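As given, the protein sequences belong to chains A, B, C and D, one line each in that order.
With our numbering, the residue at position 168 of the first sequence is 168, and numbering never jumps.
With our numbering, the residue at position 126 of the second sequence is 126, and numbering never jumps.
With our numbering, the residue at position 11 of the third sequence is 11, and numbering never jumps.
With our numbering, the residue at position 100 of the fourth sequence is 100, and numbering never jumps.
For each residue, glycine too, the CB sits at the ideal point set by N, CA and C.
Since this is a predicted model, take the numbers as computed values, not measurements.
First comes the structure, then the notes that go with it.
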Amino acid sequence: MIKKEWMTVLSQKSIAKNIYELTLEGELVQEMNEPGRFVHLKVNGQMMPLLRRPISIASIDQANSRFTMIYRAEGEGTKLLAEKKAGDTVDVLGPLGNGFPIEEAQPGETAILVGGGIGVPPLYELSKRLNERGVKTIHVLGFQSANVAFYMEKFSELGETYAATVDGTLGTKGFVTDAIHQYNLQADILYSCGPVSMLKALEGLHLTKKGFISLEERMGCGIGACFACVCHTQNDPTGTEYRKVCSDGPVFPIGEVAL
Amino acid sequence: MIKKEWMTVLSQKSIAKNIYELTLEGELVQEMNEPGRFVHLKVNGQMMPLLRRPISIASIDQANSRFTMIYRAEGEGTKLLAEKKAGDTVDVLGPLGNGFPIEEAQPGETAILVGGGIGVPPLYELSKRLNERGVKTIHVLGFQSANVAFYMEKFSELGETYAATVDGTLGTKGFVTDAIHQYNLQADILYSCGPVSMLKALEGLHLTKKGFISLEERMGCGIGACFACVCHTQNDPTGTEYRKVCSDGPVFPIGEVAL
Amino acid sequence: MSRLQTKLPGLTLKNPIMPASGCFGFGREFSGLYDLSVLGAIMIKATTEEPRFGNPTPRVAETPGGMLNAIGLQNPGLEKVVGNEIPWLSQFDVPIIANVAGSQVEDYVEVARTISKSEYVQALELNISCPNVKTGGIAFGTVPETAKHLTKKVKEVSDVPVYVKLSPNVSNIVEMAKAVEDGGADGLTMINTLLGMRIDLKTGKPILANRTGGLSGPAIKPVAIRMIYEVSQQTTLPIIGMGGISTVEDILEFYMAGASAVAVGTANFANPFICPELIEELDAYLIEHNIDHISDLTGRSWNKDGKRTYHCS
Amino acid sequence: MSRLQTKLPGLTLKNPIMPASGCFGFGREFSGLYDLSVLGAIMIKATTEEPRFGNPTPRVAETPGGMLNAIGLQNPGLEKVVGNEIPWLSQFDVPIIANVAGSQVEDYVEVARTISKSEYVQALELNISCPNVKTGGIAFGTVPETAKHLTKKVKEVSDVPVYVKLSPNVSNIVEMAKAVEDGGADGLTMINTLLGMRIDLKTGKPILANRTGGLSGPAIKPVAIRMIYEVSQQTTLPIIGMGGISTVEDILEFYMAGASAVAVGTANFANPFICPELIEELDAYLIEHNIDHISDLTGRSWNKDGKRTYHCS
Ligand SMILES: Cc1cc2nc3c(=O)[nH]c(=O)nc-3n(C[C@H](O)[C@H](O)[C@H](O)COP(=O)(O)OP(=O)(O)OC[C@H]3O[C@@H](n4cnc5c(N)ncnc54)[C@H](O)[C@@H]3O)c2cc1C
Ligand SMILES: Cc1cc2nc3c(=O)[nH]c(=O)nc-3n(C[C@H](O)[C@H](O)[C@H](O)COP(=O)(O)OP(=O)(O)OC[C@H]3O[C@@H](n4cnc5c(N)ncnc54)[C@H](O)[C@@H]3O)c2cc1C
Ligand SMILES: Cc1cc2nc3c(=O)[nH]c(=O)nc-3n(C[C@H](O)[C@H](O)[C@H](O)COP(=O)(O)O)c2cc1C
Ligand SMILES: Cc1cc2nc3c(=O)[nH]c(=O)nc-3n(C[C@H](O)[C@H](O)[C@H](O)COP(=O)(O)O)c2cc1C
Ligand code: FES
Ligand code: FES
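The following block contains the structure:
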């Protein structure tokens with residue numbers, strides 16, 4: 001169920017240039033069942049900034065009623081969020097959307113998890129869950145540069161992990177697709193989150209039979225009521241059929257929505 | 001000279017219902033020479049609230065580069081101000097306007113200082129200075145009720161002090177003018193700050209030959225550039241002659257401006 | 001909560017607070033958050049004759065104290081709205097106000113005719129402030145004669161009272177209000193959004209794919225208050241006020257300006273529970289301030305009595 | 001700072017940042033805070049033929065992300081402005097743009113004639129967005145023909161280029177801009193304030209004694225950007241943009257929308273040092289981003305080149 005709660009900041013730390021890891025505590029964590037869902041945050045109790053910010057759930061610790069997000073402090077809202085200290089509170093609406101279906105990967109199969117930039121975070125909880133299920137995970141993480149890369153070690157603990165950076169300062173120089181080619185990576189199922197250009201390139205690779213991608217879109221309500229975040233379907237790319245990223249997604253099977 | 005400085009909160013405490021005493025530290029205090037001038041405060045570094053808030057200087061401690069204000073937390077801005085804690089900073093523009101002329105009271109004379117509500121604070125520094133100059137001070141302080149009264153003891157230390165409250169919970173029941181009548185108070189010079197209705201009533205009393213009153217008006221710039229805070233003069237009550245409360249005032253000789 | 005009960009043409013409302021059109025879809029999503037029966041009414045998303053996908057994304061952008069949207073009237077079309085959405089919503093004990101849009105007079109007339117015949121629809125809200133209309137451009141909402149004509153045509157076919165939603169993008173809002181009053185409108189809803197734009201400094205292009213969009217939220221409240229103040233003194237039509245409402249104080253301000261009910265749009269995004277919260281807080285406020293009935297406040301800023309034609313009977 | 005130097009009709013500016021009319025008086029007060037010679041120009045307070053006291057107080061009210069003002073064109077009158085204020089201001093090395101107001105065509109013409117003959121005035125800004133005009137009401141700023149006629153009459157008598165200040169309270173800003181272009185305007189300044197109101201809940205009355213006032217500040221920025229975007233594509237007149245500017249990012253947004261210079265109004269109240277600060281920051285921004293000249297950004301949102309007629313020569 002979707003809830004709204006003032007959750008308490010347990011810790012906040014900078015883990016790369018402008019990248020923060022924020023852990024919150026509260027009841028709402030009990031509703032978090034699936035990797036790939038997101039929360040919608042109001043960074044203060046004031047009128048500005050007006051809108052909530054959608055941020056993915058990066059890892060869940062239900063036993064302790066905590067969850068962690070990783071985000072880039074860039075605009076007005078995320079910069080204010082980065083100022084929060086342990087003990088402060090944050091207004092959280094969530095969990096929202098539909099996550100990555102882990103049941104689509106069978107125990108013994110190999111899943112390739114491909115993330116780009118701030119699309120990486122939701123793959124972390126996903127990888128943990130897949131591994132628990134006995135699915136082997138390969139991680140390919142793309143960043144602009146080494147100084148904004150994060151969680152390489154954490155992913156390495158869960159499976160093979162490759163990096164690609166645009167400037168070559170970490171891993172393969174280039175994009176995640178370059179790393180996939182370089183290491184000739186193979187898998188049964190693909191899970192991905194990142195910029196549309198990356199998702200498109202991955203779709204074009206036809207690397208696996210099954211695949212799931214997570215989209216980003218500017219949002220109003222975050223719950224499916226305002227039609228801010230819709231996209232066309234591949235079935236009806238110019239017609240009136242649509243999906244809402246916030247409530248039908250953000251995760252879709254490859255081939256469902258027009259990128 | 002008018003300066004703008006991020007000053008540091010030394011202390012903030014609630015001294016009556018919704019009434020706060022706030023002490024700030026910084027260079028700007030060196031510019032504060034006269035009682036009755038004010039500062040223009042931006043309560044945060046954000047876009048809302050947009051405008052500064054004018055608050056009187058209640059007492060000045062130049063040796064320690066500190067000054068104190070007393071204000072009522074009522075609207076959006078003053079409520080945010082009330083949240084400031086020691087160590088926080090406040091954006092202060094000032095000192096602004098022209099204060100109470102202490103040289104108009106001669107040593108040995110008696111000054112009556114009449115304040116109403118949040119008009120009381122600037123009279124405190126004034127009273128200290130008059131006493132230093134050898135002027136005897138009588139204080140008449142009007143409040144709605146005992147629970148919003150403040151600084152009665154501090155004023156008592158400087159001279160005879162009378163209270164008037166609308167509900168009679170402290171001192172004379174009624175207005176400051178009732179207290180003045182009740183105790184048949186007499187003086188050589190009047191200094192007053194408070195609501196216009198009170199200033200008008202005082203003007204009507206013709207209690208002293210000389211008198212100075214401090215006005216309030218909604219302000220834009222606070223420095224005399226925007227014409228937000230003008231008032232007519234008694235010489236030309238419907239014409240184009242005017243005074244700006246922020247830069248010609250807030251203190252005017254009785255009889256100068258139309259109330 | 002009888003001090004909140006509100007009677008307007010075609011509508012008997014438990015309370016005068018309702019979600020504004022386009023910010024609440026057809027209620028399905030919010031029904032998962034709270035019981036929609038607590039609401040005064042629901043203004044459903046604009047309905048057009050044919051299904052519409054709307055504009056490309058991005059469709060929203062944030063601005064200082066407000067937001068821009070260019071949804072482009074996305075909706076499943078008249079048939080599905082009347083066949084599925086409205087009947088589904090009728091399970092709740094809450095009046096439905098159907099927002100009617102179109103590209104030309106005939107479209108509006110067709111939608112109004114059909115949707116007003118739905119047994120669950122209590123009133124229409126004629127959206128003449130849409131920037132995407134084909135014939136006449138924004139003329140429906142900015143040219144008095146055109147607005148009057150449209151209102152008349154819709155009134156001829158509607159089985160329920162018709163509220164006309166005014167656009168603030170005009171020099172003379174009173175003239176527009178009088179025109180639709182002449183056209184037979186039963187009430188007004190105001191204001192729709194102000195036309196605005198934001199540019200993304202990284203790309204140098206407008207953030208919205210549609211380039212311009214409608215500005216809503218607290219930033220536009222002073223414009224809404226001013227327009228309701230002007231119009232409420234010059235027409236006898238009841239006004240459902242909207243534009244930046246997010247607190248009880250805002251609601252009181254709209255009433256004092258001249259509103260007889262209010263709608264909450266953008267604030268639902270920051271706090272999806274805002275409508276039920278405001279309903280409770282407004283009731284508490286009236287009790288605390290010994291106000292017998294919310295309608296006593298209508299027009300208080302210009303009318304000593306504060307009594308108007310439309311209030312609880 | 002040659003990358004900031006800006007040439008506009010009648011004006012050679014060290015930089016394109018100037019205080020907006022009405023927010024800076026005649027410069028006396030701000031001259032005590034910093035050297036006015038750093039400014040690109042100064043738009044002085046509106047001048048009318050006769051001295052004016054303006055409206056009763058309160059004259060300002062705060063709104064979400066903005067403020068309302070109803071100063072009512074208080075000024076010492078043409079004679080004193082030309083005789084005292086302008087000569088005093090001429091001690092600074094900064095172009096003066098005189099804001100001209102009036103109640104009827106003849107007033108504007110008279111003020112324009114006299115003030116444009118002052119050796120210190122480089123350009124006029126025709127304020128046709130004042131809500132207090134006698135003849136024709138707000139017609140000067142909202143009826144294209146009237147605006148065109150006025151512009152023409154003023155152009156006939158003015159010794160310096162005439163910029164017309166457009167009101168945002170219209171349905172079609174392009175039509176207004178084209179009308180004053182036809183009337184012979186040399187440039188546009190936009191936008192003036194949106195008409196708004198706030199009600200004091202304690203008294204139930206409007207906060208402003210004048211009841212309505214002009215809305216300025218960040219809240220109106222999206223409206224300004226939209227209008228400049230539209231107008232800059234449809235006329236060849238250079239635009240001095242304003243409406244909510246308080247950061248360098250805001251200035252860039254105005255340029256990308258189509259402005260060739262900018263003015264800062266309300267932000268001077270929150271931070272009286274804002275103009276010199278923005279001038280330094282803008283220069284630093286251009287250096288950091290390898291932008292040769294600020295004018296390269298003009299119209300970038302709709303024009304690939306971003307080059308327009310008016311820029312540094
Ligand atoms: C489902 C989903 C999950 C996300 N998960 C993460 C995450 O885990 N970590 C992370 O760093 N970022 C994530 N993002 C992106 C994040 O929402 C934006 O970076 C953030 O909203 C920008 O806010 P701001 O205050 O920095 O920028 P501003 O420019 O101040 O934002 C202004 C408005 O635009 C919206 N906006 C701006 N950029 C984006 C964007 N890229 N996507 C969506 N809305 C945007 C904001 O939400 C806000 O409404 C996610 C986005 C979506 C849709
Ligand atoms: C010269 C001067 C000295 C003052 N000294 C004091 C003082 O020492 N202690 C104190 O408590 N108050 C003082 N005031 C009044 C104080 O400025 C207001 O109470 C305060 O600005 C209200 O702000 P707010 O955020 O509470 O209210 P809001 O309603 O949020 O204010 C909105 C806007 O209206 C203005 N405003 C509202 N009420 C007033 C008012 N009464 N006077 C002027 N502007 C107002 C605010 O400054 C702001 O711009 C003084 C006013 C003036 C003009
Ligand atoms: C995302 C969004 C979609 C909207 N869609 C519609 C619509 O379909 N029909 C309509 O009449 N108004 C629509 N509006 C306007 C609102 O109903 C309302 O008039 C306006 O937003 C002002 O109120 P607010 O400031 O409370 O949002 C929409 C507003 C927003 C923000
Ligand atoms: C207090 C005040 C007084 C103003 N006086 C004038 C004026 O005399 N003439 C004029 O053309 N515009 C006047 N304006 C409008 C501004 O010049 C400017 O167009 C408007 O405020 C938008 O810019 P901003 O948001 O940066 O303030 C005034 C604005 C304010 C806030
Ligand atoms: S954000 Fe409102 S429908 Fe998706
Ligand atoms: S507040 Fe601007 S002139 Fe006084």
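Whether or not the stretch 27 to 36 of chain B and the stretch 253 to 262 of chain D are in contact is what I'm after, with contact meaning three or more pairs of Cβ atoms, one per stretch, closer than 8 Å; do they touch?
Too few Cβ pairs lie closer than 8 Å, so no.
Let's see if you can read the secondary structure: which residues bound the alpha helix (DSSP H) around V196 (chain B)?
From DSSP, the alpha helix (DSSP H) with V196 (chain B) extends over V196 to L205.
Please return the same chain residues whose Cβ sits closer than 6 Å to the Cβ of S167 (chain C), not counting the five positions on each side in sequence.
Here the set comprises S129, G141 and N192.
Alpha carbon to alpha carbon, how far is T298 (chain D) from Y310 (chain C)? Give it in angstroms, no decimals.
Because the pLDDT of Y310 (chain C) is 43, which lies under 50, any placement of that residue in the model is unreliable, and the number read from its coordinates should be weighed accordingly. Computed Cα separation, rounded: 52 Å.
Kindly say whether T298 (chain C), judged by its beta-carbon, lies nearer than 8 Å to any beta-carbon of chain D.
No, its Cβ sits nowhere closer than 8 Å to a Cβ of chain D.
What whole-angstrom Cβ distance do P121 (chain B) and I70 (chain B) have, given they're in contact under 8 Å?
Confirmed, Cβ separation roughly 4 Å.
My understanding is that T339 (chain C) touches S260 (chain C), with C-beta atoms under 8 Å, so please give their C-beta distance in whole angstroms.
Since the first residue shown for chain C is 1 and the last is 313, residue 339 (chain C) is missing from the structure and cannot be characterised.
Is M242 (chain C) close to ligand 3? I mean its beta-carbon at under 7 Å from any heavy atom of the ligand.
Yes, the Cβ of M242 (chain C) comes within 7 Å of a heavy atom of ligand 3.
Is H232 (chain A) helix, strand or coil by DSSP?
It is a strand residue.
For chain B, check one thing: does any of its Cβ atoms lie closer than 8 Å to the Cβ of T57 (chain D)?
True, the Cβ-Cβ gap to chain B drops below 8 Å.
Less than 8 Å between the C-beta atoms of E125 (chain D) and K155 (chain D), yes or no?
For E125 (chain D) and K155 (chain D), no; Cβs fall outside 8 Å.
Pull up the CB-CB distance for C226 (chain A) and G22 (chain C), whole angstroms please, since I reckon it's below 8 Å.
Going by Cβ atoms, the distance from C226 (chain A) to G22 (chain C) rounds to 7 Å, so yes, they are a contact pair.
Please name the residue in B:L199, B:K244, B:H206 and B:W6 whose C-alpha comes closest to that of G94 (chain B).
Comparing Cα positions, the closest option is B:W6.
Taking only three categories from DSSP, how would you classify R243 (chain B)?
Of the three classes helix, strand and coil, the one that applies to R243 (chain B) here is strand, per DSSP.
Since V82 (chain D) is in the beta strand (DSSP E), which residue starts that stretch and which ends it?
That residue, V82 (chain D), is in no beta strand (DSSP E); it is neither H nor E in DSSP.
How is the beta strand (DSSP E) around P19 (chain D) delimited, first residue to last?
Per DSSP, P19 (chain D) belongs to the beta strand (DSSP E) from I17 to P19.
If you draw a straight line from the alpha carbon of L290 (chain B) to that of Q186 (chain A), how long is it in whole angstroms?
Chain B is shown only over 1 to 259; residue 290 (chain B) falls outside these bounds and no answer can be derived.
Give a yes or no on whether the C-beta atoms belonging to L73 (chain D) and G214 (chain D) are separated by under 8 Å.
Not a contact, by the Cβ cut-off of 8 Å.
For F227 (chain B), decide whether its Cβ has a neighbour in chain D, counting only Cβ atoms nearer than 8 Å.
Yes, F227 (chain B) counts as interfacial toward chain D.
Does any residue of chain B have a CB that is nearer than 8 Å to the CB of E277 (chain D)?
By this cut-off, E277 (chain D) is not an interface position.
So, using beta-carbon positions, are S127 (chain B) and T137 (chain B) closer together than 8 Å?
Result yes, Cβ atoms of S127 (chain B) and T137 (chain B) sit closer than 8 Å.
Considering only C-alpha positions, which residue in the set A:A258, A:Y151, A:K244 and A:G222 is nearest to V92 (chain A)?
Checking every option, the nearest Cα to that of V92 (chain A) belongs to A:G222.
Which stretch, first to last residue, makes up the alpha helix (DSSP H) that contains Y151 (chain B)?
Run containing Y151 (chain B): none; DSSP gives neither H nor E here.
List the endpoints of the continuous beta strand (DSSP E) containing V9 (chain A).
Start and end: K3 to A16.
Considering only the beta carbon of each residue, do M198 (chain B) and F175 (chain B) sit closer than 8 Å?
For M198 (chain B) and F175 (chain B), yes; Cβs fall inside 8 Å.
Using a Cβ-Cβ cutoff of less than 8 Å, which residues in the same chain neighbour K85 (chain B) once the five nearest sequence positions on both sides are dropped?
Around K85 (chain B): V9 and Q12.
For N335 (chain D), return the contacting residues in chain B, with the cut-off set at a CB-CB distance below 8 Å.
Only positions 1 to 313 of chain D appear in this structure, which leaves residue 335 (chain D) out of reach.
Should S216 (chain D) be flagged as near chain C, meaning a C-beta pair shorter than 8 Å?
Cβ-Cβ to chain C under 8 Å: no for S216 (chain D).
Does any heavy atom of ligand 4 sit closer than 7 Å to the C-beta of L73 (chain D)?
Yes - ligand 4 has a heavy atom lying nearer than 7 Å to the Cβ of L73 (chain D).
Shorter than 7 Å, the distance from the beta carbon of E152 (chain A) to the closest heavy atom of ligand 2, or not?
Looking at the sequence itself, residue 152 (chain A) is Met, so the reference to Glu does not match. Not under cutoff, so the answer is no.
What do you reckon, is the C-beta of C23 (chain D) under 7 Å from a heavy atom of ligand 4?
Under cutoff, so the answer is yes.
Note the first and the last residue of the continuous beta strand (DSSP E) segment covering P95 (chain A).
Run containing P95 (chain A): T89 to L96, per the beta strand (DSSP E) assignment.
Quick one: complete beta strand (DSSP E) runs, 3+ long, within the stretch 140 to 202 of chain C?
Those beta strand (DSSP E) runs which fall completely within the stretch 140 to 202 of chain C and span 3+ residues are 162 to 165, 187 to 190 and 194 to 196.
Use the C-beta contact count for V166 (chain A): other C-beta atoms within 10 angstroms, 16 or more gives buried, fewer gives exposed.
It is exposed - the Cβ of V166 (chain A) has fewer than 16 other Cβ atoms within 10 Å.
If E217 (chain A) sits next to V251 (chain A), beta carbons under 8 Å apart, how far is it from one beta carbon to the other, in whole angstroms?
So it is not a contact: roughly 13 Å between Cβ atoms.
Do we get a CB-CB distance below 8 Å when we pair M32 (chain B) with the residues of chain D?
Taking Cβ atoms only, chain D never reaches closer than 8 Å to M32 (chain B), which makes this a no.
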